[in-house]
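Engineer: Take a look at the following structure, please.
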Ligand code: UDP
């Protein structure tokens, strides 16, 4: 039974995985702190990731908003053992629908808006049944949104596999997407995750508003195309609210203090931070090459190390922060002794936001996940964009070619092992070499642009969030 309340009440729903949960939690905080919303967050949990459980617990104990965990459904009878990530997430969300519907209906205060992430588009009818607005929260960027809503059309236009095409795909008004950059679900058109992705692309435009983790000055062309009736706006009629960059506030650093203490002793801008997000893993061979590349670059570094994965680049997506830390079994012989003055290895999970904002950090080798990218840009750091899965190949190209804040391997890391010499060149370029100066300058410029977006005096994301909040307060 729902009753009305004085402050508007936003209900946010996150799919499993830290890359989904983190921006939803942060967006919830923005609604509370900037606009006095009451916020309830439903987190469909994986319950397999130590870092995810800790984050949900920490959010619950902060008491800023109500967090309700939806237990993960058993989907073992519905997906094959080798099912891919998007299939697993889509099926987990589908199977959570009745629990979620019941939980939302039993809230004591009536929601004014339900905000789903892109894996929640099948839940729009829950909002319709309650008679409240339904928004879609895209925790990624405008290029990703453009490709996603355009894929149902590409599905009709393109014959054969996308990756076998010889020409880039033209997305109206946007930068084109090369066949080797397509998002993971487009790699194999016969795989279930492709059908899930096309469905999501058809469903996103059915919502009442789209929130996106970017800002107007970062992606002006793509956003204009999404709003132009003659371009992608012909597909996406819902208003688009840019609410980025959404970046986590630094965490309290109890047990993780050691790495920050080490950073305190290093010179300014001298340390490269190496982390492949919550889910990224490398092959054994690639891990060895990366270790050599870091050592031979003669730069200081912090490396969040995960045991190599034999099969999947997203191998730790559901287990982030768990597992062993016996580095010596998979790193080059003698590596730990040789680097111990200049390098710091962190097992599994590091306090990334605290590290990136530390003045000793001067660059970021990242898998180009969008949260990590926003955290990097907000701290003015040049990047080595090392894409592994999801939409990261597109992000990496855009970071290197369009935004000019990154270098990236010559060939996609999913295609072949990136050798130590190329790694040395990339590390030295963003950290110290003269030819990397324009990239370092550009990173600083974008940091200012990001700050401007949240300025209370006319910042585009600040205004966009106010517009959205006022619309929900006075629909
Ligand atoms: N993260 C972290 N410590 C780690 C690895 C990742 O705090 O050791 C956080 C990171 O700050 C970011 C999120 O996990 O907020 C990862 O999101 P992203 O979109 O970059 O990648 P995904 O994990 O979704 O692939």
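In my numbering, the protein residues as written are 65 to 539. Beta carbons are placed, not taken as given, at the ideal position from N, Cα and C, and that holds for glycine. Please read all numbers here as calculations on a predicted model, not as lab measurements.
Taking Cβ to Cβ, would you say residue 261 is nearer than 9 Å to residue 236?
Structural biologist: No, they are not a contact pair.
Engineer: State the Cα-Cα distance for the pair residue 86 and residue 508, rounded to the nearest angstrom.
Structural biologist: Answer to the nearest angstrom: the Cα atoms are 24 Å apart.
Engineer: Can you check DSSP and say which residues form a bridge with residue 366?
Structural biologist: In DSSP, residue 366 forms a bridge with 337, 408.
Engineer: Less than 8 Å between the CB of residue 368 and some heavy atom of ligand 1, yes or no?
Structural biologist: Checking the Cβ of residue 368 against ligand 1 gives yes.
Engineer: If you measure between the beta carbons of residue 464 and residue 457, is that distance less than 9 Å?
Structural biologist: Cβ atoms of residue 464 and residue 457: not closer than 9 Å.
Engineer: Of the residues 263, 243, 197, 244, which one's Cα is nearest the Cα of residue 216?
Structural biologist: Nearest C-alpha to residue 216: 263.
Engineer: For the candidate residues 276, 169, 491, whose alpha-carbon lies nearest to that of residue 194?
Structural biologist: Ranking the options by Cα distance to residue 194, first place goes to 169.
Engineer: Determine the closest residue to residue 230 out of 291, 157, 243, 84, with distance taken between C-alpha atoms.
Structural biologist: Ranking the options by Cα distance to residue 230, first place goes to 243.
Engineer: Helix, strand or coil for residue 181, going by three-state DSSP, please let me know.
Structural biologist: Residue 181: strand per DSSP, three-state reduction.
Engineer: I need the straight-line Cα distance from residue 369 to residue 120, nearest angstrom please.
Structural biologist: When rounded, the distance between both Cα atoms is 23 Å.
Engineer: Please report how far the alpha carbon of residue 279 lies from the alpha carbon of residue 398, in whole angstroms.
Structural biologist: If I take the Cα positions, the gap works out to 46 Å.
Engineer: Hey, is residue 312 close to ligand 1, as in C-beta under 8 Å from one of its heavy atoms?
Structural biologist: Flag set: Cβ of residue 312 near ligand 1.
Engineer: Answer yes if the stretch 175–186 comes into contact with the stretch 412–421, meaning at least three C-beta pairs across the two stretches below 8 Å, and no otherwise.
Structural biologist: No: the two stretches stay apart, fewer than three of their Cβ pairs being nearer than 8 Å.
Engineer: Would a C-beta distance cut-off of 9 Å place residue 201 and residue 76 closer than the cut-off?
Structural biologist: Contact flag set, yes.
Engineer: Determine the DSSP secondary structure at residue 133, reduced to helix, strand or coil.
Structural biologist: Three-state result, residue 133: strand.
Engineer: Let me know the secondary structure DSSP gives residue 75 once reduced to three states.
Structural biologist: Of the three classes helix, strand and coil, the one that applies to residue 75 here is strand, per DSSP.
Engineer: Consider the C-beta atom of residue 41 and the heavy atoms of ligand 1; say whether any pair is separated by less than 8 Å.
Structural biologist: In this structure the chain extends from 65 to 539, so residue 41 is not present and cannot be described.
Engineer: Going by C-alpha distance, which of 497, 285, 361 is nearest residue 488?
Structural biologist: The candidate whose alpha carbon is nearest that of residue 488 is 361.
Engineer: Name the DSSP bridge partner or partners of residue 428?
Structural biologist: Note: residue 428 sits in a beta bridge opposite 337, 447.
Engineer: Return yes when the C-beta of residue 258 is under 8 Å from any heavy atom of ligand 1, and no when it is not.
Structural biologist: The answer is no for residue 258.
Engineer: What does DSSP give as the partner residue(s) for residue 517 in the beta ladder?
Structural biologist: Partner(s): none; residue 517 has no beta bridge.
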